[in-house]
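Asker: Sharing a structure, written as structure tokens. Questions coming.
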DNA sequence: ATAGGGCTTCCAGTGACAGGAAGGTCAAGG
DNA sequence: CCTTGACCTTCCTGTCACTGGAAGCCCTAT
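Residue numbers (this note's numbering), protein chains in the order written: chain A, 571 to 707; chain B, 571 to 707.
Take a look at the structure:
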């Protein structure tokens, strides 16, 4: 199977598939013409990688997951540890973005958004402790 | 004022301040020795930039916000539009990460995490429609 | 022979810096 | 005067996971 068909079947761009080979995630064969020849097992791995990346695992995490996937004697604890670590980072990122969202939506609500120059958003970026700052009490 | 003091006062690394000069966000003066000489207005801008970056605005958005901040005749609508656009993207990112978190926390919960090789996480990465997949009904 | 599409490699760019090398500058101390 | 050490400078490389594009080979159909 050539790279184009693999791209169609996995939904991954050909560029990405070449990149995955370059960094050693997959090792397709080569034909006499120099073209990559993909086996079903390569496609299977790429599908796996696509899903793991879709869940936000980093390439290095994917590499580890792939190794565990291929190791029939793995301990599920190893897989779980990777997933838990990733989950923790995702939750931290969500918390960070949520804080941004809260601040931003306050500011967007407070701004008239008309032709006048007065703007609470800029005032707040200039001086976060300025007027209009929410505070306890 | 030299870059070190500016870094202390703004909380931005000197590397970042040099980078901001390189991409034209600030234009500090230069002393006879070649050192950057920062005015209070430069520090003020850097504080502004630090806060805007802290809210997740991109560098280009920061450039636009800075221009509006310095334009006494700006319309608050212009500022608000940038903030709203950014807010929308943040909310989309939160939704994306939340979906990942939900899937991942399901998987982590379903995985025993012991020495046995059986692992729902890997099964699901292999075949998302496989056993254990949540479905309506 | 030619046209087209698919395949190859290699190089550059993305965003927003961080790390580090090589070297100039300045104030304090011996 | 010399040295030490902190601070400053520029320049180059690396990050992460690709993406775009150029130049050129391969294959099939007409």
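The C-beta atom is built at its ideal place from N, Cα and C for all residues, glycine as well.
Since this is a predicted model, take the numbers as computed values, not measurements.
What did DSSP end up calling residue 638 of chain A once you bin it into helix, strand or coil?
Answerer: helix
Asker: So, under 8 Å CB-CB, residue 631 of chain A and residue 656 of chain A are touching, yes? Tell me the CB distance rounded to an integer number of Å.
Answerer: Indeed they touch by this definition, with Cβ atoms about 6 Å apart.
Asker: Let me know the secondary structure DSSP gives residue 706 of chain B once reduced to three states.
Answerer: Reliability of the predicted coordinates at residue 706 of chain B is poor, the pLDDT of 48 falling under 50, and the value obtained from them is presented with this limitation in mind. Of the three classes helix, strand and coil, the one that applies to residue 706 of chain B here is coil, per DSSP.
Asker: For residue 674 of chain B versus residue 638 of chain A, is the C-beta distance shorter than 8 Å?
Answerer: no
Asker: Starting from residue 692 of chain A, trace the alpha helix (DSSP H) both ways and give me its first and last residue.
Answerer: In the DSSP assignment, residue 692 of chain A falls within the unbroken alpha helix (DSSP H) covering 690-696.
Asker: Report yes or no: is there a C-beta of chain B within less than 8 Å of the C-beta of residue 629 of chain A?
Answerer: no
Asker: Just checking, does the stretch 639-652 of chain A make contact with the stretch 676-689 of chain B on the three C-beta pairs under 8 Å criterion?
Answerer: yes
Asker: So what's residue 599 of chain A in DSSP terms, helix, strand or just coil?
Answerer: strand
Asker: From A/603, A/600, A/589, A/604, pick the residue whose C-alpha is nearest to that of residue 620 of chain A; which is it?
Answerer: A/589
Asker: Smallest Cα separation from residue 579 of chain A: which of A/660, A/672, A/616, A/593?
Answerer: A/616
Asker: So with Cβ pairs under 8 Å, would you call residue 695 of chain A a contact of chain B?
Answerer: yes
Asker: What does residue 571 of chain B touch in chain A if you count any residue whose Cβ is under 7 Å from its own?
Answerer: Per Cβ cutoff of 7 Å: no residues; residue 571 of chain B is ~19 Å from chain A at best.
Asker: I need the straight-line Cα distance from residue 576 of chain B to residue 636 of chain B, nearest angstrom please.
Answerer: So the alpha carbons of these two residues sit roughly 18 Å apart.
Asker: Tell me where the alpha helix (DSSP H) around residue 594 of chain A begins and ends.
Answerer: Counting along the chain, residue 594 of chain A falls outside any alpha helix (DSSP H), and DSSP gives it neither H nor E.
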